[in-house]
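First up is the structure itself, then whatever we jot down about it.
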Amino acid sequence: NAGVTQTPKFQVLKTGQSMTLQCAQDMNHEYMSWYRQDPGMGLRLIHYSVGAGITDQGEVPNGYNVSRSTTEDFPLRLLSAAPSQTSVYFCASSYMGGGSYNSPLHFGNGTRLTVT
Amino acid sequence: SQQGEEDPQALSIQEGENATMNCSYKTSINNLQWYRQNSGRGLVHLILIRSNEREKHSGRLRVTLDTSKKSSSLLITASRAADTASYFCATDAITGAQKLVFGQGTRLTINP
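Protein sequence lines, in the order shown, are assigned to chains U and D.
Counting from 1, position 99 in the first sequence corresponds to residue 84 in the working numbering; the numbering is continuous, with no gaps.
Converting from the second sequence to the working numbering requires adding 10 to each position, the first position being numbered 1.
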C-alpha cells in the first residue's frame, strides 16, 4: 500500500518554464489537495478536488492549474514558473465522510521545487 | 491570512518533560486537527477533535478545545527524542467549503 506518491522529489526550473507535479493515491480517496510550504508561512492551500471532474481554488491558486480526470491522480501544473514559486509542494488526500470534513489528510513526501 | 496560529513558534525541552503547544483560530469550525512533520517529510495526522468535544487523548497526546476562546492545546507527556518535529494545527471552517487551513507550526526540540 503506497499511500500518496509524489514525483519528482526535486526539480529545478528556469523562469518561464512549465512543468507538472504528479500526485497519485491508491486509497480510493475522494478528496485530494495541493499545498505549498514556505518558511514561516506554514502550509497554504493551492487547489483541491472533491472527486473526479471537480476542482476548486484554495488560498493561493494563481500560477497553478489542476485537473482531476481519475480518482487516483491529481496533477499540479505550473504554467510559467516564477522565482516566487520556489517552495516545497505537498499533495494530500482523504476519505470524505458525511459531507463535512471529518477525515484526516494523508500526505505525500513532497516535491522540492527551485525556480531560478 | 492563516486561520490557525500556533504558540510558541519554537519550544526546546529536556527528554522526559511535558510539551504544550497552543493553537488559536479565527472562525467557527467543524473540527480541529493536529499534525506532526519530521524534517524533510510530509505531515502525519495525530488527532482530530470535533467542535462538540472538549478533550481527547491518544497515547501520550492530550488535546483540548475551547470553542468560546477559539483555541486548542496539544500536550505531549513524557517527551522522547523521537518527538522532535514541527507540529501544526489545522481547522475546517464551518462555512461548508472543503478546505483544511493550517497554522504556521511549532518547532519542538527534545534534548537528550
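A virtual CB, placed ideally from N, CA and C, is assigned to each residue, including glycine.
Where residue i meets chain D, residues with beta-carbon distance less than 9 angstroms
| i | result |
| --- | --- |
| L30 of chain U | K109, L110, V111 and F112 |
| Q12 of chain U | Going by the sequence as given, residue 12 of chain U is Met instead of Gln. Those within 9 angstroms of M12 of chain U in chain D number zero; the least Cβ separation is about 13 angstroms. |
Partners in chain U for residue i, counting only beta-carbon separations shorter than 7 angstroms
| i | result |
| --- | --- |
| H133 of chain D | Only positions 11 to 122 of chain D appear in this structure, which leaves residue 133 of chain D out of reach. |
| Q43 of chain D | P89 |
Within chain D, partners of residue i - CB distance below 8 angstroms
| i | result |
| --- | --- |
| Y16 of chain U | Q108 |
| Y33 of chain U | Q108 and K109 |
Below-8 angstroms beta-carbon distance, residue i vs any chain D residue
| i | result |
| --- | --- |
| F(-5) of chain U | no |
| N47 of chain U | no |
| G1 of chain U | no |
Backbone CA spacing between residue i and residue j [nearest angstrom]
| i | j | result |
| --- | --- | --- |
| Y77 of chain U | S49 of chain D | A quick correction: the sequence has Ala, not Tyr, at residue 77 of chain U. If I take the Cα positions, the gap works out to 17 angstroms. |
| V111 of chain D | L42 of chain D | 10 angstroms |
| Q70 of chain U | P18 of chain D | 28 angstroms |
| L21 of chain D | C33 of chain D | 14 angstroms |
| P68 of chain U | R21 of chain U | 14 angstroms |
| V45 of chain U | L28 of chain U | 11 angstroms |
| E65 of chain D | T101 of chain U | 47 angstroms |
| V35 of chain U | L90 of chain U | 13 angstroms |
Residues that residue i bridges to, as DSSP identifies them
| i | result |
| --- | --- |
| F112 of chain D | D:A100 |
| S83 of chain D | D:N32 and D:T74 |
| R51 of chain D | DSSP output for R51 of chain D lists no bridge partner at all. |
| R29 of chain U | U:R21 |
| Y16 of chain U | U:S79 |
Chain U contact for residue i (CB, 8 angstroms cutoff)
| i | result |
| --- | --- |
| R8 of chain D | Since the first residue shown for chain D is 11 and the last is 122, residue 8 of chain D is missing from the structure and cannot be characterised. |
| G26 of chain D | no |
C-beta neighbour in chain A for residue i, strict 8 angstroms
| i | result |
| --- | --- |
| G36 of chain U | Absence of chain A from the displayed structure is noted, the protein chains being U and D. |
query: Going along the chain, which residues of the stretch 69 to 80 of chain U sit with their C-beta nearer than 7 angstroms to a C-beta in chain D?
result: From the stretch 69 to 80 of chain U, only F75 have a Cβ closer than 7 angstroms to chain D.
- prompt: Using Cβ-Cβ distances below 8 angstroms, what residues of the stretch 55 to 70 of chain D are close to chain U?
  reply: Against chain U - using a Cβ distance shorter than 8 angstroms - the residues of the stretch 55 to 70 of chain D are H55, L58 and R60.
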